[in-house]
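**Student:** Here our numbering is used: the first residue of the sequence shown is 150, the next is one more, and so on.
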Amino acid sequence: MPQRHIPQSKTTHADTPNKTRRAKADESTATFTFTVNGSSHTLSIDPRTTLLDALREHLHLTGTKKGCDHGQCGACTVHVNGRRVNSCLCFAAACDGDTITTIEGIGEVEALHPLQAAFVECDGYQCGYCTAGQLMSAVALLDEPIGPSDNDVREAMSGNLCRCGAYQNIVSAIQSVRATKPSSK
Ligand code: FES
Ligand code: FES
150 MPQRHIPQSK TTHADTPNKT RRAKADESTA TFTFTVNGSS HTLSIDPRTT LLDALREHLH
210 LTGTKKGCDH GQCGACTVHV NGRRVNSCLC FAAACDGDTI TTIEGIGEVE ALHPLQAAFV
270 ECDGYQCGYC TAGQLMSAVA LLDEPIGPSD NDVREAMSGN LCRCGAYQNI VSAIQSVRAT
330 KPSSK
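(1) Between the alpha carbons of A287 and S307, how many angstroms are there, rounded?
(2) By the 10 Å Cβ neighbour count, where 16 or more other Cβ atoms means buried, how is G282 classified, buried or exposed?
(3) Exposed or buried, which one is Q317 when buried takes at least 16 other CB atoms within 10 Å?
(4) Does DSSP classify S236 as helix, strand or coil?
(5) Report all residues from its chain with a CB closer than 6 Å to the CB of D299; omit the five preceding and five following residues, and keep chain order.
(6) Tell me, which residues are paired with F181 by DSSP?
(7) When every heavy atom of ligand 2 is checked, does at least one fall within less than 7 Å of the C-beta of R232?
(8) Can you give the Cα-Cα distance for C279 and T213, rounded to whole angstroms?
(9) Which value, in whole angstroms, describes the spacing of the CA atoms of V234 and T199?
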C-alpha cells in the first residue's frame, strides 16, 4: 500500500512565505484575479473554494482531476508560479495575483509537450485518470534538482499515485525526455 507522501520538492501553496494577499473577502465571497494558462480571470466565489474546484467548476478546465481531494493522490497537480502543487489543498483566493498552469496549458493535440508524446510512446497510462497530474509533476520535475536514476524519479514522483500501476512506463517516459535535456539538473 503506497504511503501517504508528498516529496520535498512538492509543496502546498500555503508554504509561500511573506506573500501579499490582495483578495477581498466578505462573509460569503472572495474576489481575486489570477492568470490561468496565459489568460487573466477574476472570480468572486466562496472563499473556501479550493483551487481545484475553481479550475474545474468555475473555469471549466476539467483536465485537472479530483481523486482523493485530500492531498494524497496527486491527480489534481497543477503549477502555481512554476511550482507543482496539489490544487485540492490550495484555496483559490490565496492564489490572487498568481500564475497557474494546468494540463490544458502545456501542449495541444497537434503539438504535444515532449512528455505527453513520451507517455504515448512508452504506454505510460491505462485509464488515464491520474495522467494529467502525472504529467504536471513530470514537467515540473524536469527543472528540479533530482538525481539521474530511475529511483530518483520514482521518489520525485511518489506523490502521484496510479491505481492502474503504470509506474514503470511513466518512469521510462520521464527518463526518455530527461535524456534529451542535458541542461536538466
Ligand atoms: S485530489 Fe488532490 S491530491 Fe488527490
Ligand atoms: S492510468 Fe489509471 S490511474 Fe493511472
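Quick reminder that beta carbons are idealized off the backbone N, C-alpha and C, glycines included.
**Tutor:** From the atom records:
(1) The residue you call residue 287 lines up with position 138 of the sequence shown. The residue you call residue 307 lines up with position 158 of the sequence shown. Going by the C-alpha atoms only, they are around 11 Å apart.
(2) Position 133 of the sequence shown, counted from the start, is the residue given in the question as residue 282. Counting Cβ neighbours within 10 Å, G282 comes out buried, since at least 16 surround it.
(3) Sequence index remark: in the sequence shown, residue 317 carries index 168 (1-based). With fewer than 16 Cβ atoms within 10 Å of its Cβ, Q317 is classed as exposed.
(4) Here residue 236 is taken as the residue at index 87 of the sequence shown, counted from 1. Note: S236 maps to helix in three-state DSSP.
(5) Locating residue 299 in the sequence shown gives position 150, where the first residue counts as 1. Excluding residues within five positions, the ones whose Cβ falls inside 6 Å are V320.
(6) Here residue 181 refers to the residue found at position 32 when the sequence shown is read from its first residue. According to DSSP, F181 bridges with L192.
(7) Taking the first residue of the sequence shown as position 1, residue 232 is located at position 83. No, Cβ of R232 sits at least 7 Å from all heavy atoms of ligand 2.
(8) On the sequence shown, position 130 is the one that residue 279 refers to. On the sequence shown, position 64 is the one that residue 213 refers to. Near 9 Å, if we compare the C-alpha coordinates of T213 and C279.
(9) The residue you call residue 234 lines up with position 85 of the sequence shown. The residue you call residue 199 lines up with position 50 of the sequence shown. Each residue's Cα considered, the two are about 12 Å apart.
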